[in-house]
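A short worksheet on the structure shown next.
In the UniProt record's numbering, the protein residues as written are 1 to 84.
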């Protein structure tokens, strides 16, 4: 949505920049398999689980590939705040 809005405004698909944090990703099939297992296994009752397949990324590094996939041009970081 953000990419489409920026494109229609004639603006590049700019990252919000800021601090760089490492994020974890989980494959949707892995999450689904664990949810099915947890629903069916009595041993999983009343337990909490964290699911990840070990992939980590920073949005700053993923941004160009995301822009390419969406067919938009990137631009310099444009800091923004949810409070703005």
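Positions of the beta carbon are idealized from the N, C-alpha and C atoms, including for glycine. Note that this is a predicted model, so its numbers are computed, not measured.
DSSP state of residue i, grouped into three classes?
i          : result
residue 16 : coil
residue 34 : helix
residue 69 : helix
residue 55 : strand
residue 47 : coil
residue 39 : helix
residue 11 : coil
residue 26 : coil
One question on the structure: do residue i and residue j come within less than 9 Å of each other, judged by their Cβ atoms?
i          : j          : result
residue 58 : residue 12 : no
residue 20 : residue 63 : no
residue 4  : residue 67 : no
residue 30 : residue 53 : yes
residue 56 : residue 24 : yes
When burial is assigned at 16 or more other CB atoms within 10 Å of the CB, is residue i buried or exposed?
i          : result
residue 40 : exposed
residue 43 : exposed
Would you tell me roughly how many angstroms separate the C-alpha atoms of residue i and residue j, rounded to the nearest one?
i          : j          : result
residue 18 : residue 38 : 37 Å
residue 47 : residue 34 : 12 Å
residue 75 : residue 45 : 48 Å
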